[in-house]
Amino acid sequence: MPRTLFGLALSVALSGWLFAGQVTLTAPAFAAEQMHKVAVHVNESDPQRINMALNNVQNMKAFYDSAGQKVEIEVVAYGPGLHMLRADTSPVKDRISVMSLEIEGLIFSACANTLKGMSQKEGKQVELVSESQMVPSGVVRLVELQEGGYSYVRP
């Protein structure tokens with residue numbers, strides 16, 4: 566029994582030492598100039614989910630700014646998530662307007678396939694918020710971004 570307790574105590578002490586060393590490591594000198602690239606995926610029309618995506622964008626931007634690092638963020642909306650960028654149904658169009666002014670380089674991409682389908686279903690051309698840009702396919706755009714080194718976030 567004492568031998569088992571000694572082994573356990575030694576294991577805990579060594580793991581604490583190892584983890585302490587890992588926690589105290591500092592970032593390399595080039596980290597301050599690092600460029601982060603993030604793709605945010607929105608394919609749901611739920612206002613809470615859409616707002617969570619925008620919160621993620623704001624939180625990432627604030628974090629990297631505080632670390633002296635840069636971040637490029639592209640929000641890609643398709644399927645029901647396109648409501649995020651619709652001029653008539655977006656629950657966050659005012660927030661998108663403000664964020665587009667505050668966050669340099671923030672891109673909102675809208676899926677042309679989804680827009681075409683929505684327009685046909687409604688019998689009218691669906692309009693998007695002016696801050697959005699059209700991409701041929703939201704899914705393909707996410708693949709392209711990931712192949713280009715973007716990290717993927719789906720709130």
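Taking the working numbering as reference, the numbering of the sequence shown is continuous, increasing by one, and the terminal residue is 720.
In this text, a Cβ means the ideal position worked out from N, Cα and C, and glycines have one as well.
Bear in mind that the values here come from a model prediction, so they are computed numbers and not experimental data.
With distances taken between CA atoms, ASN608 lies nearest to TYR643 out of ASN678, TYR643, GLU709. SER716 sits in a strand when the DSSP states are folded into three classes. In the same chain as SER697, and ignoring 5 residues on each side of it, the C-beta atoms closer than 6 Å to its own belong to LEU650, PHE673, ALA675, in chain order.
The stretch 602-641 is shown to contain whole alpha helix (DSSP H) runs of 4 or more residues at 612-631, in chain order.
Looking at the DSSP output, SER697 sits in a beta bridge with PHE673.
One alpha carbon belongs to VAL718, the other to LYS689, and they sit about 32 Å apart. Taking a C-beta distance under 9 Å as the contact criterion, GLN634 and GLN599 qualify as a contact pair.
Distances from the CA of MET664 to each of SER695, HIS606, SER631 were compared; the closest alpha carbon is that of SER695.
Burial of VAL605 is indicated by the presence of at least 16 other C-beta atoms within 10 angstroms of its C-beta.
Non-local C-beta neighbours of GLY670 in its own chain, meaning closer than 6 Å and more than five positions away in sequence, comprise GLU637, ordered along the chain.
Rounded to the nearest whole angstrom, the CA to CA distance from ASN624 to SER662 is 17 Å. When only Cα atoms are considered, VAL704 and LEU680 end up about 13 Å apart.
Around the beta-carbon of SER631, fewer than 16 other beta-carbon atoms lie within 10 Å, marking it exposed.
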